[in-house]
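Undergrad:
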Amino acid sequence: MSSEFDIKLYDDIDPEDRPSLGEALIPIIGMLTALGIGIGIYGLDPQFPLLWGIAFTGLFSYYRFDISWDEMYSGITHTLLMGIQVVFILFIVYALISTWIQAGTIPTLMYYGLDLLHPIVFLPLTAIITAAITFAIGSSWTAAGTLGVAFIGIGSGLGLPEPMTAGAILTGAYTGDKQSPLSDTTNLASAVTNTDLYDHINAMRAGTFLAFSIAVVLYAGLGIRASGAIPVDRIAEIQTALTGSFTISPLAFFPLLVTFGLAIYGISAIPALGAGVFAGAITSAVLQGNSFTSVWTVAQSGTSPETGMELVNGLLASGGMVGGAWAVTIAIAALALGGLFECTGIIAVLAHHLGQLSDSVGSLTGITVLSSVSMNVLAAEQYISIVVPGVTLGSLYEEKGLKTENLSRAIESSGTVTSALIPWNSGAVFMAGTLGVSTFQYAPYYFLGFLSPLILILMGVTGWQITYTETEADSQTPSNMAAPADSD
């Protein structure tokens, strides 16, 4: 594991300096109280409630743990460095969305999508298509920030609520991400647990397929319920508004092909998305006839089209790179708070005590889920939700004779997918900002976020898909019987 993810663990802390469980819980309770008062009672955006949490944690750590400002600053900068890719991607994607709107890429996707898709099948097909694209390119964020934005527009045109569409997009994006050998979180989960990459992917396959299948059925049911909601002639009105303001042509797909082509080729998210911005700028100038100044002004400040139809104007309005500042400030504040929790040992102490609660495979699986979700809440970064439980709980899985892919599956099936359910987590900040739907709105329809950890717990309780090392398997098998084959 690279030093980029070198975080403080329980045994790394001098016992004299190590917080007790009670002491570790005080800043956590303070943070949750600040968020509850600020967001829940007064309806504030998360930035200042997170800042209150940072101030309380910093003061408590200074006076109770005798941690200097330099140490806290170092912890904050370390975590910000881990999350700097989030900041870059947020700015680039906001510029990309605006550029692709002006280039006609997203309007063209909407135009053809309204012709090809029907409300009854739209939600399940959205999940399936997004899953396939994400599997191919290995990035849930890239898929959601490009194809997902178009799906939001198509769904609105078909009369489906945006939160439903966002939930289907997220379910597809994280399903494909979990099964893709190109995914950064998939590779991280296998690396941090010393598991072969394809053993890790195979271990996730059955549970992921079950969760995704249930989700697709649920989306089909939602589609049937909503299929009668679309007004007569609305699709024709939307398409007329689009053709009146943009040149609708397959040539507008050029930025999409460039971005996805680079991603499939193995180019990482930042350069692939950056190339998508430049491809969008070229398409905007050549196909739509926009000036050089207009193209880059839109990339910076966003779009405010006048198509003659309020619905379309709202769908195609965007903030550009400048509009990404709201999401970036949340990400920075949350990462800073996570850095304080990490450098003070609070995360290490919490993870250690959670691990001590397990006395069976079922309870160990449940504790792994709880640990990963807790890291998403406290550290606001999905990488930490994978690294901390992966390192902390490894010895407990080994003691029970479990293969390492049981742990790698558990941390990804509970850590990666639930990051989009925590409003201040970088995953949720990105998805909510990119799709234009708040976390609280899309969460009830993001079925994979709930089904994946629930099915994981079911595996631990029933023993389904749980695999043991050869020594442990032999010890559990009567002498007159053959050892059970691996569930995979």
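Using full-length UniProt numbering, you'd call the opening residue of the sequence shown number 1 and step up by one each time.
All residues carry an ideal CB built from backbone N, CA and C; glycine is no exception.
Buried or exposed, going by whether 16 or more other CB atoms sit within 10 Å of the CB of D17?
TA: Exposed: under 16 other Cβ atoms inside 10 Å.
Undergrad: Using a 10 Å radius around the Cβ and a threshold of 16 neighbouring Cβ atoms, would you call N290 buried or exposed?
TA: Buried: at least 16 other Cβ atoms inside 10 Å.
Undergrad: When burial is assigned at 16 or more other CB atoms within 10 Å of the CB, is G176 buried or exposed?
TA: By the neighbour-count rule (16 or more Cβ atoms within 10 Å), G176 is buried.
Undergrad: Need the endpoints of the alpha helix (DSSP H) that V192 sits in, please.
TA: Run containing V192: 184-192, per the alpha helix (DSSP H) assignment.
Undergrad: Check this for me: beta carbons of S61 and L340, under 8 Å apart or not?
TA: Yes, these two residues count as a Cβ contact at 8 Å.
Undergrad: Taking DSSP as the reference, what is the three-state secondary structure of L402?
TA: Of the three classes helix, strand and coil, the one that applies to L402 here is strand, per DSSP.
Undergrad: Using the C-alpha atoms, what's the distance from A379 back to S68?
TA: Distance between the alpha carbons of S68 and A379: 20 Å.
Undergrad: Taking the continuous alpha helix (DSSP H) assigned at L354, which residues delimit it?
TA: Start and end: 346-355.
Undergrad: Below 8 Å between beta carbons: does that hold for T434 and A252?
TA: Not a contact, by the Cβ cut-off of 8 Å.
Undergrad: Would you call the region 393-406 in contact with the region 96-103, where contact means no fewer than 3 C-beta pairs closer than 8 Å?
TA: No contact exists between the region 393-406 and the region 96-103.
Undergrad: Give me the Cα-Cα distance between S140 and G22, rounded to the nearest whole angstrom.
TA: Spanning the two alpha carbons is a distance of roughly 37 Å.
Undergrad: Along the alpha helix (DSSP H) that carries Q102, what are the first and last residues, could you check?
TA: Per DSSP, Q102 belongs to the alpha helix (DSSP H) from 84-103.
Undergrad: Grouping DSSP H, G and I as helix and E and B as strand, with all else coil, what is V258?
TA: V258: helix per DSSP, three-state reduction.
Undergrad: Tell me the DSSP secondary structure of M1 in three-state form.
TA: Low confidence applies to M1: its pLDDT is 34, below 50, so where it sits in the model is not reliable, and the reading given next is rough at best. It is coil, neither helix nor strand.
Undergrad: Check whether the region 302-313 and the region 22-31 are in contact - that is, three or more C-beta pairs closer than 8 Å.
TA: No, the region 302-313 does not touch the region 22-31.
Undergrad: Please decide whether L256 counts as near chain D, where near means a Cβ-Cβ distance under 8 Å.
TA: No chain D is part of this structure, which consists of one protein chain only.
Undergrad: Based on Cα-Cα distance, which residue from T467, I101, L316, S414 lies nearest to G449?
TA: Nearest option by C-alpha distance: S414.
Undergrad: Please classify T307: does DSSP put it in a helix, a strand, or coil?
TA: T307: coil per DSSP, three-state reduction.
Undergrad: Are the region 340-357 and the region 126-145 in contact at 8 Å, needing three or more beta carbon pairs?
TA: With a cut-off of 8 Å, the region 126-145 and the region 340-357 do not count as touching, because too few Cβ pairs lie within range.
Undergrad: Assign E310 to buried or exposed, taking buried as 16 or more other Cβ atoms, counted over all protein chains shown, within 10 Å of its Cβ.
TA: When all chains shown are included, E310 counts as exposed.
Undergrad: Per DSSP, what kind of secondary structure is Y468 in: helix, strand or coil?
TA: Note: Y468 maps to strand in three-state DSSP.
Undergrad: Considering only C-alpha positions, which residue in the set A203, L273, V417, V87 is nearest to K403?
TA: Nearest option by C-alpha distance: A203.
Undergrad: Does DSSP put S360 in a helix, in a strand, or in coil?
TA: S360: coil per DSSP, three-state reduction.
Undergrad: Which residue from A132, F292, V192 puts its Cα closest to that of L260?
TA: Correcting the residue identity first, residue 260 is Phe in this sequence and not Leu. Answer by Cα proximity: A132.
Undergrad: Which residues in the same chain have their Cβ closer than 7 Å to the Cβ of T297, if we skip the five residues on either side of it in sequence?
TA: Excluding positions up to five away in sequence, the list is empty.
Undergrad: Only counting the same chain, and skipping five residues up and downstream in sequence, which positions put a Cβ closer than 8 Å to that of E71?
TA: Cβ neighbours of E71 beyond the five flanking positions: C343.
Undergrad: Is the beta carbon of M110 sitting closer than 8 Å to the one on G167?
TA: No, the Cβ-Cβ distance between M110 and G167 is not below 8 Å.
Undergrad: Do G427 and Y468 have their C-beta atoms within less than 8 Å of each other?
TA: No; because the gap between Cβ atoms is not below 8 Å, this pair is not in contact.
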